[in-house]
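What follows is a short report on a single structure.
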Amino acid sequence: MKNIFFQNKGPFKLSEILNTLNINDKKNFTDHQINDVKDLISAQNNDLTFFHSKKYEKIANDTKASFCVTTANLKHKLPNTCLPIIVKNVLVSIAQITSKFYPNSINDNFDNTVKNISETKFKDNVTFGKNVLVGENVSIGSNCFIGHNTIIEKNVIIGHSCSIGSNVIIRNTFIKNNVNILDSCVIGKHGFGFFPNKIKNLRYPHIGIVIIEDNCEVGCGSTIDRGSMSNTIIGKNSFLDNQIHIAHNVRIGENTIIAGQVGIAGSSIIGDNVKIGGQAGISGHLKIGSNVEIGGGSGVIKDIPDNSKVMGYPAKNIRDFLRKIK
Amino acid sequence: MKNIFFQNKGPFKLSEILNTLNINDKKNFTDHQINDVKDLISAQNNDLTFFHSKKYEKIANDTKASFCVTTANLKHKLPNTCLPIIVKNVLVSIAQITSKFYPNSINDNFDNTVKNISETKFKDNVTFGKNVLVGENVSIGSNCFIGHNTIIEKNVIIGHSCSIGSNVIIRNTFIKNNVNILDSCVIGKHGFGFFPNKIKNLRYPHIGIVIIEDNCEVGCGSTIDRGSMSNTIIGKNSFLDNQIHIAHNVRIGENTIIAGQVGIAGSSIIGDNVKIGGQAGISGHLKIGSNVEIGGGSGVIKDIPDNSKVMGYPAKNIRDFLRKIK
Amino acid sequence: MKNIFFQNKGPFKLSEILNTLNINDKKNFTDHQINDVKDLISAQNNDLTFFHSKKYEKIANDTKASFCVTTANLKHKLPNTCLPIIVKNVLVSIAQITSKFYPNSINDNFDNTVKNISETKFKDNVTFGKNVLVGENVSIGSNCFIGHNTIIEKNVIIGHSCSIGSNVIIRNTFIKNNVNILDSCVIGKHGFGFFPNKIKNLRYPHIGIVIIEDNCEVGCGSTIDRGSMSNTIIGKNSFLDNQIHIAHNVRIGENTIIAGQVGIAGSSIIGDNVKIGGQAGISGHLKIGSNVEIGGGSGVIKDIPDNSKVMGYPAKNIRDFLRKIK
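Sequence order for the protein chains is X, S and R.
FYI, in the numbering used here the residues of the first sequence are 1 to 326.
FYI, in the numbering used here the residues of the second sequence are 327 to 652.
FYI, in the numbering used here the residues of the third sequence are 653 to 978.
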């Protein structure tokens, strides 16, 4: 899928990419064109991908990418159709390359292209409050409400029958139909992804977006960050309470219910029909199955299989946890 | 007490109510008028109430309501003066009936009746910032301050000598005197109450309001949801720090002190002179006594008697908890 | 250092100060001038300080203050050059004196001196959004961005190359260079410091400010309170994620990374190169060393030495904590 919001400045020649990485010895490389930079799964022929941890060995082996930034240790896991580009720090290198393809994805200064909604084409088909601002590359479906002081920055698609509250800020986000976004949410900001550096931390480009599927609700004061290489997704008919934080690359399934002040760290995947109690926290890069119940206040630090009920910190079988009360 | 903010579209005939519930066999019912729908305690003669859990057996037995939506198992606990209406799912049925009496209580779209405060009667007796909006059915006492970009939606009463910060949103709320509401709070939104449904969750009507008594303070970025059938109440001279979430139907006593990022789940009752440390969480439907101290970070999942000091997750006697540190 | 934001109404005569404290027996006091009220470390000759806990015995012994509000039990720890003023409740007394020197530090009503930035000297050298408000005593460096609806209240210094998001509120804050403040933050409000009182809690004056050093980032919806007698400080190149709460007087070192929804209670000191996982909480008045790692969800309730890795509630050595998972 083409990136719908961030403009790809490519293709670039392989030699240019190698220059960006300060790789001078180009004798093993023929000078191909590279169309795009993508993750191992979505990359296609003539795309470049990256592979930095054994954890992704299986999907690396199946990648369709033509080029892959990786380490000497990992390169053997790639298929023959994929040419390894060996670097010391895969993530720093891929950040440099991504910045080259998508230079507009790093800087999250406020959008100064916005106009008052009353000066736009939306003035007749949206019910809107005072001081509503709308940026470029925005579409809004029929029967939508947008509250006072809300800012729809550039790169936003809103379906039909949505209700956006007041004091909301949205950017780089695809909201489908019948969705309610309550007051004071901030949606689509870059994630908390960067490379620590003693002088000035180096921000990681975030070319992913936020996708909120049909019939969802997001409570007041919640924040949902957009993805870095992949998207942050809230599945159909999932309801989030107030003051929830959803980090970059998180994927939440359908019919999931998340109570107030829950936080989900980067890249975790939550199944369908999951219930998460208030103030629970889920660490990054975890897989929570479907039909899982997580008790309020839990701290989940490992994967949870389907149909489990857990509670505690670290979260474990709920019966073991509740035994403590007696 | 009459509902001061949500207009009652009743009375309705009992037969109409039975139709709403798809009860066709009306032979046991004479066709009375029903004035209002209320909880077991506040319902009066000719009102309809509901009774869905053994937990409320005692108060069900004392109800003054003339009609009660309940189950076949529970109906025997009602007094003779109260006619049971038997349904499969009490809460879904009462939501349907409440929606009939109070159709304006379900939809929380932004209030598009607001005007700039400088165009209202408040322009001369309130000290206000830029871009302050005020809706219908609002009253504001003397010597009040309302900060920039703040939205007082419809159905708000503010007493005298109150200071409301900037970027605040308030609706369906009764704020008494000498109250400070700090920046970026959202007060009076409907609670996180709904019936899960695989296609589209069914929102529960919230006809309760938020009441904030004299001398309270609510910190920046806090959210206080209004009640469903009863009210959410913050007692006199209670102080809440930043980023606190108070769910629907919670009642907090007087002189209570709540530190930052605390969350209190729906329908819990907190006594007087309670101290709650930062990030503590209190599960729903609990009773926390007076003079209780709850340590920072605690997860309270059962009732706490008066004069206790607790800490931990699950919260227990603080001495037992602190023993762990050594 | 002179207080850069709160105007000192002093000097006052010692006799006036004693009157404020209702100390009628002045026979042991010559009537000196008192220039300022400061903490034990920063007070100089002719300043007044306070000493209320044995914990501060060592620094009390070295104070350069000429006068010190303290108790009969503690006065012996002061040097001969410092005259003790004995009171029952040191903190209430110092609050009364501070209110006398700095009457503008108590009330945090919204700033009604602000103007639209387009009517100020900043209109030509700042890139700003719609409806940006700026108060008195503000300076903003070159190459800065200020987003829509953001309010820079009085007493704010912003360095060069800073990016302030939308819906942000800042007051009493010194932001240095290359700092990013993301959307919906509230920075510089008074802390949650007051003296509980059954009728109406007595607010403590907050004459400290917030200082955010070069290259920092503060995530969306975060709150950073200003200090009471000292300052709240975020050290160079420290990055804070979304929905973080930093209480008054907290000092955070350099290159520290704090994930989402973390809360740090009043007066705690965090070292350099510290990593704090999501939703962790740190109690007040603690000292966290440098190069410390605190796992997500931890509740830290005692000091942590340099180079430690801790996790859990209460937080302990991370290996002990992780053993629980198996």
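Even for Gly, the Cβ is constructed at its ideal location relative to N, Cα and C.
Residue of the options minimising C-alpha distance to residue i
{"i": "Asp877(R)", "options": "Asn894(R), Gly918(R), Ala717(R)", "result": "Gly918(R)"}
{"i": "Leu400(S)", "options": "Ile538(S), Tyr382(S), Ser392(S)", "result": "Tyr382(S)"}
{"i": "Glu136(X)", "options": "Asn167(X), Arg171(X), Ser142(X), Cys162(X)", "result": "Arg171(X)"}
{"i": "Lys679(R)", "options": "Asp763(R), Ile686(R), Leu670(R)", "result": "Leu670(R)"}
{"i": "Lys58(X)", "options": "Ile157(X), Cys68(X), Leu78(X)", "result": "Leu78(X)"}
{"i": "Gly547(S)", "options": "Asp183(X), Arg323(X), Lys200(X), Gly235(X)", "result": "Asp183(X)"}
{"i": "Gly165(X)", "options": "Glu539(S), Phe454(S), Asp437(S)", "result": "Asp437(S)"}
{"i": "Asn415(S)", "options": "Phe376(S), Ile608(S), Gly597(S)", "result": "Phe376(S)"}
{"i": "Pro410(S)", "options": "Ser425(S), Gln422(S), Ala386(S)", "result": "Ala386(S)"}
{"i": "Ile419(S)", "options": "Ile602(S), Ile608(S), Leu528(S), Val636(S)", "result": "A quick correction: the sequence has Ser, not Ile, at residue 419(S). Comparing Cα-Cα distances from Ser419(S) to each of Ile602(S), Ile608(S), Leu528(S), Val636(S), the minimum goes to Leu528(S)."}
{"i": "His656(R)", "options": "Val766(R), Lys706(R), Lys806(R)", "result": "According to the sequence displayed, residue 656(R) carries Ile and not His. Ranking the options by Cα distance to Ile656(R), first place goes to Lys806(R)."}
{"i": "Val363(S)", "options": "Thr346(S), Ala391(S), Thr356(S)", "result": "Ala391(S)"}
{"i": "His937(R)", "options": "Asp677(R), Phe844(R), Val902(R)", "result": "Val902(R)"}
{"i": "Ile423(S)", "options": "Asn334(S), Ile484(S), Thr439(S), Asn371(S)", "result": "Asn334(S)"}
{"i": "Phe192(X)", "options": "Glu668(R), Arg975(R), Ile928(R)", "result": "Ile928(R)"}
Length of the line joining the Cα atoms of residue i and residue j
{"i": "Asn109(X)", "j": "Ile207(X)", "result": "15 Å"}
{"i": "Gly905(R)", "j": "Tyr428(S)", "result": "54 Å"}
{"i": "Gln605(S)", "j": "Gly589(S)", "result": "7 Å"}
{"i": "Gly840(R)", "j": "Asp450(S)", "result": "30 Å"}
{"i": "Asn433(S)", "j": "Val87(X)", "result": "55 Å"}
{"i": "His574(S)", "j": "Gly553(S)", "result": "4 Å"}
{"i": "Thr63(X)", "j": "Ala43(X)", "result": "7 Å"}
{"i": "Thr476(S)", "j": "Phe826(R)", "result": "25 Å"}
{"i": "Ile212(X)", "j": "Val156(X)", "result": "11 Å"}
{"i": "Asn242(X)", "j": "Ile269(X)", "result": "20 Å"}
{"i": "Ile630(S)", "j": "Thr223(X)", "result": "33 Å"}
{"i": "Asp646(S)", "j": "Gly615(S)", "result": "20 Å"}
{"i": "Asn350(S)", "j": "Asp306(X)", "result": "41 Å"}
{"i": "Ala747(R)", "j": "Leu666(R)", "result": "16 Å"}
{"i": "Asn795(R)", "j": "Val778(R)", "result": "6 Å"}
{"i": "Cys909(R)", "j": "Val310(X)", "result": "Inspection of the sequence shows that residue 909(R) is occupied by Ile rather than by Cys. Whole-angstrom Cα-Cα distance: 29 Å."}
{"i": "Asp683(R)", "j": "His728(R)", "result": "22 Å"}
{"i": "Gly781(R)", "j": "Ser815(R)", "result": "12 Å"}
CB of residue i within 8 Å of CB of residue j, strictly
{"i": "Gln913(R)", "j": "His245(X)", "result": "yes"}
{"i": "Ile769(R)", "j": "Leu785(R)", "result": "yes"}
{"i": "Ser105(X)", "j": "Pro205(X)", "result": "yes"}
{"i": "Phe393(S)", "j": "Leu374(S)", "result": "yes"}
{"i": "Gly473(S)", "j": "Val494(S)", "result": "yes"}
{"i": "Thr733(R)", "j": "His704(R)", "result": "no"}
{"i": "Pro314(X)", "j": "Ile294(X)", "result": "no"}
{"i": "Gly296(X)", "j": "Gly625(S)", "result": "yes"}
{"i": "Asn563(S)", "j": "Asp540(S)", "result": "yes"}
{"i": "Gly907(R)", "j": "Lys287(X)", "result": "Looking at the sequence provided, one finds Asn at residue 907(R) rather than Gly. No, the Cβ-Cβ distance between Asn907(R) and Lys287(X) is not below 8 Å."}
{"i": "Asn829(R)", "j": "Lys200(X)", "result": "no"}
{"i": "Ile484(S)", "j": "Ser465(S)", "result": "yes"}
Cβ distance (whole Å) where residue i is taken to contact residue j below 8 Å
{"i": "Asn557(S)", "j": "Val536(S)", "result": "7 Å"}
{"i": "Asn643(S)", "j": "Asn617(S)", "result": "That belief does not hold up - the Cβ atoms of Asn643(S) and Asn617(S) are roughly 15 Å apart, past 8 Å."}
{"i": "Cys216(X)", "j": "Phe194(X)", "result": "Not quite, the Cβ-Cβ distance comes to about 29 Å (not below 8 Å), so this is no contact."}
{"i": "Thr20(X)", "j": "Lys100(X)", "result": "6 Å"}
{"i": "Asn361(S)", "j": "Asn372(S)", "result": "5 Å"}
- Task: Closer than 8 Å, Cβ to Cβ, to anything on chain X: give me those residues from the region 611-641 of chain S, in chain order.
- Result: Gly625, Ile627, Lys628, Tyr639, Pro640
- Query: Looking at chain R, which residues of the region 564-580 of chain S have a Cβ within less than 7 Å of any of its Cβ atoms?
  - Reply: Phe565, Asp567, Asn568, Gln569
- Item | Interface positions of the region 500-523 of chain S facing chain X (Cβ-Cβ less than 7 Å), listed along the chain | Of all residues in the region 500-523 of chain S, only Ser510, Val512, Lys515, Phe518, Phe520, Pro522 place a beta-carbon less than 7 Å from a beta-carbon of chain X.
- Message: Please list, in chain order, the residues of the region 103-114 of chain X that have any C-beta partner in chain R closer than 9 Å.
- Response: Only those residues of the region 103-114 of chain X whose C-beta falls short of 9 Å from the nearest C-beta of chain R are listed: Asn107, Asp108, Asn109, Phe110, Asp111, Asn112, Val114.
- Residues within the region 203-223 of chain X neighbouring chain R, beta-carbon criterion of under 9 Å: Arg203, Gly221, Ser222, Thr223
- Pull out every residue of the region 785-802 of chain R whose Cβ sits closer than 9 Å to any Cβ of chain S, in chain order. Answer set for the region 785-802 of chain R: Leu785, Asn801.
- Report the residues of the region 442-461 of chain S with a CB closer than 9 Å to any CB of chain R, ordered along the chain. Thr453, Phe454, Gly455, Lys456, Asn457
- Message: Residues of the region 252-283 of chain X in Cβ contact with chain R at a cutoff of 8 Å, in chain order, please.
- Response: Gln261, Gly263, Ala265, Gln279, Gly281, Ser283
- Item | Contact residues within the region 384-405 of chain S, judged by C-beta distance below 9 Å to chain X | none
- For the region 155-168 of chain X, enumerate the residues whose C-beta is nearer than 8 Å to any C-beta of chain R, in chain order. Asn167
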